[in-house]
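**Q**
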Amino acid sequence: KQEVTQIPAALSVPEGENLVLNCSFTDSAIYNLQWFRQDPGKGLTSLLLIQSSQREQTSGRLNASLDKSSGRSTLYIAASQPGDSATYLCAACGNAGNMLTFGGGTRLMVKP
Amino acid sequence: DTEVTQTPKHLVMGMTNKKSLKCEQHMGHRAMYWYKQKAKKPPELMFVYSYEKLSINESVPSRFSPECPNSSLLNLHLHALQPEDSALYLCASSRGDANYQPQHFGDGTRLSIL
């Protein structure tokens, strides 16, 4: 059974810092890995999706990498802003039916 | 604004009540999902519908009954729920059920069982 772990569970940084969120998964037979953002009391917003054949994806200040062999993905946020404060979730897709297994999330606080 | 609309946003019900959660999308997606999310926990998959047919049931208790009347609409019927069923219920959709297609989430229904 796939298990997904995110470290750290919480992170507080001053505005402007570059930061890295980590995601690890136990079963490397994944089809893709997605990163989501969740604001308090809200649903999930998809940030980046990396197919198993890809090494990284970029969108604006966000860059996600994937190393299937080591079971790791990272989300890099450049020049963090207070508006980036949210919970970031990674999810591995490894079974038929587009089933996602989520990590526990990293709660990010960016202080002005 | 999300393209997946869930109603109601909040629901409080007693353990003997019957209620329904509704999810709607007009993106032409043919796969729809129900997730349950407890506070400070990740979402957990409950059901997957593909082309209006139930394809995955993750051993969910029968007090939760999903229904997909058409390709745009997904319901979750609730009956005789327990206090531990209090959670945020999220609906998602994707173009199909192929593994490379991203899921789009609604804002959820926050359910409280008295």
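For the protein sequence lines, the chains are Y and B, in the order given.
All residue numbers for the first sequence refer to our numbering, where the first residue is 0 and numbers rise by one.
All residue numbers for the second sequence refer to our numbering, where the first residue is 790 and numbers rise by one.
Glycine included, every Cβ here is placed at the ideal spot set by N, Cα and C.
Note that the coordinates shown come from a computational prediction; the quantities given were computed from them, not determined experimentally.
Write down every uninterrupted run of the alpha helix (DSSP H) in the segment 813-878 of chain B whose length is 4 residues or greater and which is fully enclosed by it, in chain order.
**A** List check, alpha helix (DSSP H) in window: nothing returned.
**Q** Between M108/Y and chain B, is the shortest Cβ-Cβ distance under 7 Å, so that the two count as touching?
**A** Within the first sequence, residue 108/Y is the residue found at index 109, counting from 1. False, the Cβ-Cβ gap to chain B never drops below 7 Å.
**Q** Give the straight-line distance between the Cα atoms of T898/B and E792/B, rounded to the nearest whole angstrom.
**A** Sequence index remark: in the second sequence, residue 898/B carries index 109 (1-based). Sequence index remark: in the second sequence, residue 792/B carries index 3 (1-based). About 15 Å.
**Q** Using a threshold of 7 Å, state whether the C-beta atoms of A63/Y and Q56/Y are closer than that.
**A** Your numbering for residue 63/Y matches position 64 in the first sequence. Your numbering for residue 56/Y matches position 57 in the first sequence. In contact: A63/Y and Q56/Y (Cβ atoms closer than 7 Å).
**Q** For D896/B, does the three-state DSSP call read helix, strand or coil?
**A** The residue given as residue 896/B occupies position 107 in the second sequence. Coil.
**Q** Which two residues bound the contiguous beta strand (DSSP E) that contains I76/Y?
**A** Your numbering for residue 76/Y matches position 77 in the first sequence. Here the beta strand (DSSP E) through I76/Y covers 71-76.
**Q** How about F894/B: is its C-beta nearer than 7 Å to some C-beta of chain Y?
**A** Sequence index remark: in the second sequence, residue 894/B carries index 105 (1-based). Closer than 7 Å to some Cβ of chain Y, the Cβ of F894/B qualifies, so yes.
**Q** From D790/B to F24/Y, what does the alpha carbon distance come to, in whole angstroms?
**A** Position 1 of the second sequence, counting from 1, holds the residue named residue 790/B. Position 25 of the first sequence, counting from 1, holds the residue named residue 24/Y. Only weak support is given to the placement of D790/B: the predicted model assigns it a pLDDT of 49, under 50, and the question is left unresolved by the model.
**Q** Under 7 Å between the Cβ atoms of M816/B and Y838/B?
**A** Translated into positions along the second sequence, residue 816/B becomes position 27. Translated into positions along the second sequence, residue 838/B becomes position 49. Their beta carbons are not under 7 Å apart, which means M816/B does not touch Y838/B by this criterion.
**Q** Let me see if you follow: with CB-CB separation under 7 Å, is D790/B close to chain Y or not?
**A** Along the second sequence, one-based indexing puts residue 790/B at 1. Unreliable placement is indicated for D790/B, whose pLDDT of 49 sits below 50; no coordinate value is reported for it.
**Q** Between S84/Y, G82/Y, D83/Y, L99/Y, which lies nearest to A90/Y when the distance is taken from Cα to Cα?
**A** Walking along the first sequence from the start, residue 90/Y turns up at place 91. Taking only the C-alpha atoms, the option nearest A90/Y is L99/Y.
**Q** Going along the chain, which unbroken runs of the beta strand (DSSP E) with 3 or more residues stay wholly within the segment 35-59 of chain Y?
**A** Qualifying beta strand (DSSP E) stretches, in chain order: 43-50, 55-58.
**Q** Using a cut-off of 8 Å between C-beta atoms, extract the partners of S883/B located in chain Y.
**A** In the second sequence, residue 883/B corresponds to position 94, counting from 1. The answer, in chain order, is N97.
**Q** Between P855/B and chain Y, is there a C-beta pair that is closer than 7 Å?
**A** Position 66 of the second sequence holds residue 855/B. So, not an interface residue.
**Q** The beta strand (DSSP E) with Q5/Y in it runs from where to where?
**A** Here residue 5/Y refers to the residue found at position 6 of the first sequence. Taken as a continuous stretch (DSSP letters only), the beta strand (DSSP E) holding Q5/Y covers 3-6.
**Q** Can you tell me whether P7/Y is buried or exposed? The criterion is at least 16 other CB atoms within 10 Å of its CB, across all chains shown.
**A** Locating residue 7/Y in the first sequence gives position 8, where the first residue counts as 1. Per the 10 Å Cβ criterion, exposed.
**Q** Is DSSP giving G82/Y helix, strand or coil here?
**A** Along the first sequence, one-based indexing puts residue 82/Y at 83. It is helical.
**Q** Considering only DSSP beta bridges, list what L32/Y is partnered with.
**A** Translated into positions along the first sequence, residue 32/Y becomes position 33. DSSP, once it has assigned bridges, lists I49/Y, A91/Y as partnering L32/Y.
**Q** Under 8 Å, with one C-beta from each stretch per pair, do the segment 801-812 of chain B and the segment 24-35 of chain Y reach the 3-pair mark?
**A** Touching, no, given that fewer than three Cβ pairs across the two stretches are closer than 8 Å.
**Q** Please list, in chain order, all residues of the same chain as C857/B whose beta carbon is under 7 Å from its beta carbon, the five residues on each side excluded.
**A** Along the second sequence, one-based indexing puts residue 857/B at 68. Correct list, in chain order: M821, Y838, E841, L863.
**Q** So for D790/B, helix, strand or coil by DSSP?
**A** Looking up residue 790/B in the second sequence gives position 1. At D790/B, the pLDDT of 49 sits below 50, so the modelled position is not reliable; the number obtained from the coordinates is stated separately. Coil, per DSSP.
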